Amino acid sequence: MGETILAAEARPWREATQKPFVRIRGISKLFGDLAAVDDVSLDIYQGELFCLLGGSGCGKSTLLRMLAGFETPSKGHIEIDGQEMTGIAANLRPTNMMFQSYALFPHMSVEKNVAYGLLREGVPKTEAMARTADMLSLVKLEGFARRRPQQLSGGQQQRVALARSLIKQPKLLLLDEPLGALDKKLREETQFELIRIQEDLGVTFIVVTHDQEEAMTLSTRIGVMDRGRIVQVGEPRQIYEAPDTKFVADFIGSVNIFDGEVDAAAPDMMRVNTPEGAILCPPLPGLKAHQKVHVAVRPERIQLSRGPIKAANTLQGIVDEVAYMGNLSVYRVRLEGGRCLKVTAANGLHEENPITWDEAVHIGWSAAASTVLTK
Amino acid sequence: MRLRFTPVMAVLGFLFLYGPIASLVIYSFNESKLVTVWGGWSLKWYGELFANQQIMDAAWLSLRIAAISASVAVVLGTMMAMVLVRFRRVRGKSLMTGMVTAPLVMPDVIIGLSLLLLFVAMQGLIGWPGGRGFSTILIAHITFGMAFVAVVVQSRLSDMDDAVEEAALDLGASPARVFFDITLPMITPALIAGWLLAFTLSLDDLVIASFVSGPGASTLPMVIFSKVRLGVSPDINALASLIVLVVSIGIITAALLMRKKP
Amino acid sequence: MSGGGKWGRRFVIAVPNIWLILFFMLPFLVVLKISLSEPRIAIPPYAPLWDWVDGALRFNINFENYAYMWEDSLYINAYLSSLKIAAISTLLALFIGYPMAYYIARSPEPRRSILLLLVVLPFWTSFLLRVYAWIGILKTKGVLNAVLLRAGIIDQPLIILQTDVAVYIGIVYTYLPFLILPLYANLVKLDDTLLEASHDLGASRISSFFRITLPLSMPGIIAGSMLVFIPVIGEFVIPALLGGPDTLMIGSVLWDEYFKNRDWPVASAVAMVMLVVMIIPIMILRSAQNKGAEI
């Protein structure tokens, strides 16, 4: 084996010459009349940790199950490592899956759970047991080989499920909400553990999650899904900083959206008229005057002060609500027109006289902080 | 202490359920043949029971039919449950569900009559079954037994997380292998319950067996029925007490075993 | 499961279905056929439904067996009487079974499991013998009369055996577990906080029961009631052992028609009509079970 090149560093998706490892072409899945997955095409590269992100019922799990072979696509093709998957049963595919419920075999010990895949492959028992022991030490469960799954904590069960799905060294590992059943603190620790294992083994991961923070932390790239379609694919930073649509902007993190229409565009600046006043934005090519657009502004990009602010966009309002979150505070500022905006500000140490309820405030943000969205 | 309605009703209800059984057991030890006269404790009726060749033969026939029909019913019922719960893209599932639940509520007289008429018609057409007795009762009992097994196994299968089976499939096991490695061990309690249910129902069936049986093949319920139609017969009390004893031991053992497991 | 073992899959689908079609569906067609045949004294005791006369197929369909049932009031009375007995015993069983199911569902563990076991346990002993037990209790010189006479509550023995009262007792007794189990399964799922909320909003215990518990347990009540009502319509053993000459039930009529009169076509017609009578309660049961599954 050659030296593992981490996809997270090489970013193969940025080069047109790179051959994708998983090719999904025009895939749809109909349940009755309802399209759970609607004409999805996607390329995923060797060594990636790709997250499919979306709310419940957006089709992400169905897409994953079609990759695993549990659902048959109504239309379209899937190719994994150059091999067409249509007609290949789940038990014959080069993929393995980690289930949201873990789906551990309750009547088998941890060891037997993990070794199951190897034994089905015809690996001799002694070798299978040795590899199982290695795998258990990789997930730090050396002492638990003889236990039954029910005797383990949720976090330990999660690691057994991971070990079991990795033991056959699949080309592609599919993970359905792998951290969904863990509590918040354990989830955060496990995220980094998952990345470590993925980088150690060089296996391509496709992770389904509804948790946008989890997707941001884990992934090389994110595919945001909505109503059966992929609405945007990109690196976490790109998805956050440059959302393509109002849906993505709203789904990833918190955002203030202004609806308006294009007033005038200069080469270096564009003005959008909204009910809250004109907003200056970076120009977006191809827009016509009076075209309806949305302007998205992240709460942490908005400055908040008692005195006037020097910025491209400024507004005034009254603090309606303050939520103290520890590292930062979230303000709800009511504008003169009655509309409320969300503004977050970092909390300094022993800040004297912080801005509080019912204070009249000035807010402002730069033109670059506004993102114009056409959809 | 203020008497509350539901506990009082519950106590009365349980007395109602167990009073007759208790009276059977007590009178099986009564020396006297009369219910109203207590002739002292005696095991006389147990002796008579075991000396009654007709009852013993009928019991042996019933036990054989019950054991065989329950075993076949478990196999067929489990297949049916798998088809209904786990198989996808099977046409006519609602018809199958109807077919498998109908025997549960169908009166015995109808099942008995219709099977008998079928056997008669089949004999006219293809010369089988040659006579009525062991094999025809067996077929009848397998038929309703499999319906009960299918319902029990079906509910167990629906409660089971099917991701567990998918996981085994995903790890390279063939569908048949998944069934024997994963599904079967996980539904074993339901299979045992289904078997016991089919066994008990077979052992208990009077009406259907009366219809489909022929001369010379009398099951235990048929013998009991012909005896008790004429009135109380203390050796039947003894038989009932033995059944109560066996069933209680069985159920209590099962309950204790279940409790031990986490 | 997809792929692999296509033939195995077909085998698993085919075997139980062929069995049921052969030994459950087909028999009904035979019954239907014979119910339309003319009775005659022969073996088998009915005329063929069709035969070849001079090289042409001739059908001998007649509805006389059904017409006969309509004319002879015995059959209609037997159906009506069966429905009446089934309805009354269902109500009686509900009256006894509901409080029991409620009490069990509200009991703490392990008492709940033990009580539930006690409800199920009689079911595993012989049905026939449990009905038989009542003969010894109810007969004129039986246990019940002996106890009541000695206690001085009555001075003449009560005549219960071989009356409809004995039949009601026998039915309620044997079918009680069928009513308690679905009711229990429903009541045990009832969220305690609903009753707490109702109390909190000022409803009394009794009013909470009638406004919260009872409506929510309706699917269980209907399912349990139908599980008693439907099989009781065709019940034979209980009226045969506990009932008297006046006890008229359709199951016994069918039995006699077959075993005593050897009139297979009329017995078949009785069975077909019984099936039709049962369709509505079976559909009610189905919808109650589906509703119960949704909760």
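Protein chains in written order, with this note's numbering: chain C, 621 to 995; chain R, 474 to 735; chain Y, 822 to 1116. Idealized CB from N, CA, C, for every residue including glycine. Quick caveat: nothing in here was measured; it's all calculated off a predicted structure.
(1) Touch check for the segment 1070-1086 of chain Y and the segment 607-627 of chain R: three-plus C-beta pairs under 8 Å?
(2) Excluding the 5 residues flanking Met822/Y on each side, which residues of the same chain have their C-beta closer than 6 Å to its C-beta?
(3) On a CA-only basis, which of Leu761/C, Ser661/C, Gly646/C, Gly775/C is nearest Ser721/C? Give me that one, please.
(4) Between Ser542/R and chain C, is there a C-beta pair that is closer than 8 Å?
(5) Within a Cβ cutoff of 6 Å, which residues of the same chain sit near Lys1041/C, ignoring the five residues on either side of it in sequence?
(6) DSSP three-state label for Lys962/C, please.
(7) Can you give me, in chain order, the residues of the segment 732-763 of chain C that have a beta carbon less than 8 Å from any beta carbon in chain R?
(8) To the nearest angstrom, report how far apart Thr715/C and Asp678/R are at their CA atoms.
(9) Near Gly1041/Y, which residues of its chain fall below 6 Å by C-beta distance, leaving aside the five closest residues on each side in sequence?
(10) Go to His914/C, then tell me how far its beta strand (DSSP E) extends in each direction, as first and last residue.
(11) Indicate whether at least one CB of chain R lies closer than 8 Å to the CB of Phe825/C.
(12) How would you write the range of the beta strand (DSSP E) that Gln936/C sits in, first residue to last?
(13) Would you identify the three-state DSSP class for His614/R, choosing helix, strand or coil?
(14) Just mark Thr706/C as buried or exposed, buried being the case when its beta carbon has 16 or more other beta carbons within 10 Å.
(15) Any C-beta of chain R sitting closer than 8 Å to the C-beta of Thr946/Y?
(16) Does the distance from the CB of Gly1064/Y to the CB of Val988/Y come in under 8 Å?
(17) In chain order, what residues of the same chain lie with their CB nearer than 6 Å to the CB of Asp864/C, ignoring the 5 residues before and after it?
(18) Going by DSSP, what residues sit across from Asp846/C in a beta bridge?
(19) Between Leu642/R and chain C, is there a C-beta pair that is closer than 8 Å?
(20) Val1058/Y to Asn883/Y, Cα distance in whole Å?
(21) Within its chain, find whatever has a CB closer than 6 Å to the CB of Gln983/Y; leave out the 5 residues flanking it on each side and keep chain order.
(22) Using alpha carbons as the reference points, say which of Phe825/C, Leu669/C, Ala801/C, Glu808/C lies closest to Ser785/C.
(23) What are the complete beta strand (DSSP E) segments, minimum 3 residues, inside the segment 830-906 of chain Y?
(24) To the nearest angstrom, report how far apart Ala886/C and Ala932/C are at their CA atoms.
(25) To the nearest angstrom, how far is the alpha carbon of Phe1031/Y from that of Ser1046/Y?
(26) Please report how far the alpha carbon of Glu855/C lies from the alpha carbon of Ala869/C, in whole angstroms.
(27) Taking a contact to mean a Cβ-Cβ separation below 8 Å, would you say Pro694/R touches Leu949/Y in this structure?
(28) Please work out which residues of its chain come closer than 8 Å, Cβ to Cβ, to Ala765/C, disregarding the five sequence neighbours upstream and downstream, and give them in chain order.
(29) Tell me, to the nearest whole angstrom, how far the beta carbon of Val823/C is from that of Pro790/C; I am working on the premise that it is less than 8 Å.
(30) What distance in whole Å lies between the Cβ atoms of Gly667/R and Val720/R, which are believed to be in contact at a cut-off of 8 Å?
(31) Consult DSSP for Met1039/Y and reduce its assignment to one of helix, strand or coil.
(32) Measure from the alpha carbon of Leu1011/Y to the alpha carbon of each residue in Val1094/Y, Ser1029/Y, Asn881/Y, then state which is nearest.
(33) At what residue ranges does the segment 690-766 of chain C contain a whole run of the alpha helix (DSSP H), taking only runs of 4 or more?
(34) Spell out the partners DSSP gives Glu881/C in its beta bridges.
(35) Could you check the C-alpha separation between Ala630/C and Ala783/C for me, to the nearest Å?
(36) Under the criterion of a Cβ to heavy atom distance below 7 Å, does Asn947/C qualify as lining the ligand ATP?
Working from what's here:
(1) no
(2) For Met822/Y, the predicted structure reports a pLDDT of 42, less than 50, and the residue's modelled location is therefore unreliable. A value from the coordinates is still provided. Same-chain partners within the cutoff: there are none.
(3) Gly775/C
(4) no
(5) No answer is possible for residue 1041/C: it lies beyond the span of chain C, which begins at 621 and ends at 995.
(6) In the three-state DSSP reduction, Lys962/C falls in the strand class (E or B).
(7) Tyr736, Gly737, Arg740, Glu741
(8) 52 Å
(9) Beyond the five residues adjoining it in sequence on each side, Gly1041/Y comes within less than 6 Å, by CB distance, of Pro1003, Leu1004, Asn1007 in the same chain, given in chain order.
(10) 912-917
(11) no
(12) 933-944
(13) helix
(14) exposed
(15) Contacts with chain R at 8 Å (Cβ-Cβ) include Thr946/Y.
(16) yes
(17) Gln852
(18) Arg849/C
(19) Residue contact check for Leu642/R against chain C: a CB pair falls below 8 Å.
(20) If I take the Cα positions, the gap works out to 32 Å.
(21) Gly1065
(22) Phe825/C
(23) Runs of the beta strand (DSSP E) inside the segment 830-906 of chain Y: 871-874, 877-880.
(24) Between the alpha carbons of Ala886/C and Ala932/C lies a distance of about 15 Å.
(25) 19 Å
(26) 14 Å
(27) yes
(28) Ser729, Val730, Glu731, Thr752, Ala753, Leu756
(29) 7 Å
(30) Contact doesn't hold; Cβ gap of about 17 Å is too wide.
(31) helix
(32) The residue from Val1094/Y, Ser1029/Y, Asn881/Y with its alpha-carbon nearest to that of Leu1011/Y is Ser1029/Y.
(33) For the segment 690-766 of chain C, the full-length alpha helix (DSSP H) segments reaching 4 residues or more read 730-740, 745-758 along the chain.
(34) Asn893/C, Lys912/C
(35) 27 Å
(36) In terms of ligand content, the structure shown is empty, and the ligand ATP therefore cannot be addressed.
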